Each structure stands twice: as C-alpha cells, then as structure tokens.
Amino acid sequence: MCGGAIISRFHILTSAACVEDVTELYAISGTISYVPPQDIHSNGCTKNTKRKIVYTCIPKEYNLDYKQVETWSYNDIAVVRVDIQYDFSDPQYDKYCQFRPNSIPVNFNIANENKDRDVITFGFGHQSLWRLKDTKKDFNYPHLMYTRAKISDQGKCKAAYQKPNLTENIVKYMICTNASGNIDINGKLVQRRRDLVNEDDFLTRRQGGICQNDHGVPLVTWINEEETVLGVGSVFRVNKDNKCEGPFLYTSTARNKVFIECLLEETK
C-alpha cells in the first residue's frame, strides 16, 4: 500500500517505487478508515468510488532496485492516470464514504521549500515500527494519521544518510524534514497550551514522520492560504529496534516541474 495526492480529475501524484513493478493498482479516496486489500471490492466506499490505474509515468532516469536505496530513491516520483475521471460532486461519496475528495495544487517553485516552513503529511503506516520480512501481521493504522513537521536544511539529511550515501539524491531532488511543526490539518497555527484542544483535528496525530506503507504520501503546506503539495514521501531510517526515524526525505514536485506539468497538460 502507498499514498498519493489527486492533482487533477485524471491524475494522482505518488512515488515511482510504488508503481514501477505492480500490475494491478487501484486508487482509494473519500475515507479516513484503512480498508485492507482483500476488502476493497466489498467495502461500500471503495467498491463504489475506487479508480483503476491504467497508466503510470515515471522519470526517464528512474531505476527500481530494492536492494540499493541510493538507486530506487533517486527521483522517486510518479504520476498515474485513472480509468474514469473523478467527479468531486459525485453523491456516491456522500452515501458511502466519509468525505468528498478534491484535487490539490502542485508546487513548482523551489523557493517554497524554504527551511523552517511548516508542513504536514498523512498516512496509514504504523506510527513507528518497521515490519520485518517474515512478519505477516498488518501494521497499518485503522485510521488516517497526520504528522506536523518543519523543513530542515539539506545538510542535516546529508549527514544522516551517508551509509548508503544519498547526498546526490538529496541535493538534486529531495526535501528534508525533521523537527516538529506548528500547523494543524487546516494550516492553522497550533495552540501550545496543554489545556487547549483543537476541535478541527479530527485525524489522529503522530510524532515523527513517514514509516512503512507511507511511501508516496503527500507533503503538504499552505501557500497564500491555499493547501499545496510540495512532494511525496520517499525515505526514512530504521534503527536497531526496527523503528522508523528521521530525518525524513520527500521527493520534490518543484524539482520535477517539467515532468509533472507535461503530464497535466495532456488533459487540458
């Protein structure tokens, strides 16, 4: 399972590693509840609103090699096309799902990746644990979670990812996050007093960042008060206790401007 962001009525932004070697893909939207793969054809929301992925496009230089993180994480971004265009006013979402999805604007300005910018990311992956190969237990969280973060300078990420060395990947294509951020899921500043509860935070908040099955999730910020996607989840570290830890790496949309804009133009 991977994440993604709807960026047009036909297109979804995600990670290249999520789509490169998969033959049957479906896009799920309209729910904050995790639906296991075996249930997507029977769950009311997913059965009636799912979209089949019929076309995938990755950067020309991308090479999927699971054994070499420095290879598969190199410009790890993709745009996929669905079989039936999204109708964001479809009453099926009101009848079977929890909300109506919508498309999100894509950032193409590198200046918006500035250090200390507040960002959030979403995902169903476990809050901290990396599932071992021989473990069959489903570690995905029952409900969609979000994480507050801040963009860090690339130096911190380059220092953290020396073995294997991801310096070239980071400099060319990546956004680095580490510290906790200060905005909620609506882009509003979070109150820091412990006795205040933010009524708008209907999603579970987790600490840290991306973990297993959060590949491709959107890194989101607000630009001129408009929710905008900056990148997609790509890389995290796993410590000796099999826990996911930062700093966290996202593949930048701004550094893939020509690639993404070209694909979006085909439906205009």
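Counting from 1, one number per residue, gives the positions in the sequence shown under UniProt numbering. Even glycine gets a Cβ: it sits at the ideal position worked out from N, Cα and C. Remember, it's a predicted structure, so these values are computed and weren't measured experimentally.
One Cα belongs to residue 73, the other to residue 114, and the distance between them is close to 22 Å.
The continuous beta strand (DSSP E) containing residue 78 extends over residues 78–82. Three or more Cβ pairs closer than 8 Å define a contact, and the stretch 23–32 falls short of that threshold against the stretch 228–247. Between the alpha carbons of residue 260 and residue 12 lies a gap of roughly 10 Å. Pairwise C-beta distances place the stretch 102–109 in contact with the stretch 2–22, as three or more of them are shorter than 8 Å.
Contact annotation: the stretch 93–100 does not touch the stretch 161–170, with fewer than three C-beta pairs closer than 8 Å.
No Cβ-Cβ contact shorter than 8 Å links residue 118 with residue 185. A direct Cα-Cα distance of roughly 24 Å separates residue 39 from residue 210. Its chain contains 154, 157, 158, 161, 176 and 249 as the residues whose beta carbon lies nearer than 8 Å to that of residue 170, once the 5 sequence neighbours on both sides are disregarded; these appear in chain order.
Excluding sequence positions up to five before and after residue 223, its CB lies within less than 7 Å of the CB of 107 and 112, all in the same chain and listed in chain order. By the Cβ-count criterion, residue 50 is buried, with 16 or more other Cβ atoms from all chains shown falling within 10 Å of its own Cβ.
When 1, 16 and 217 are compared, the shortest CA-CA separation from residue 78 is found for 16.
Comparing C-alpha distances from residue 247 to each of 228, 151 and 232 shows the shortest one belongs to 151. For residue 227, the enclosing beta strand (DSSP E) covers residues 226–238. Secondary structure of residue 177 (DSSP, three-state): strand.
Beta-bridge annotation (DSSP): residue 245 is paired with 237.
In the assembly as shown, residue 84 is an exposed residue. Its beta-carbon has fewer than 16 other beta-carbons within 10 Å. In the structure shown, the three-state DSSP call for residue 264 is helix. For residue 55, the enclosing beta strand (DSSP E) stretches over residues 51–57. For residue 110, the number of other beta carbons within 10 angstroms of its own is below 16, and it is reported as exposed. Look at residue 255 here: in three-state DSSP terms it is helix. In this structure residue 20 is not in contact with residue 53, their Cβ atoms being roughly 12 Å apart against a cut-off of 8 Å. Note on residue 22: under 16 other CB atoms within 10 angstroms of its CB, so exposed under the neighbour-count rule. In the DSSP annotation of this structure, residue 91 is not part of any beta strand (DSSP E); the continuous alpha helix (DSSP H) holding it starts and ends at 91–96. Of 266, 234, 41 and 36, the smallest CA-CA separation from residue 143 is found for 36. Residue pairing of residue 250 in beta bridges, as defined by DSSP: 175 and 233. Relative to the Cα of residue 91, the nearest Cα in the group 80, 76, 48 and 82 belongs to 48.
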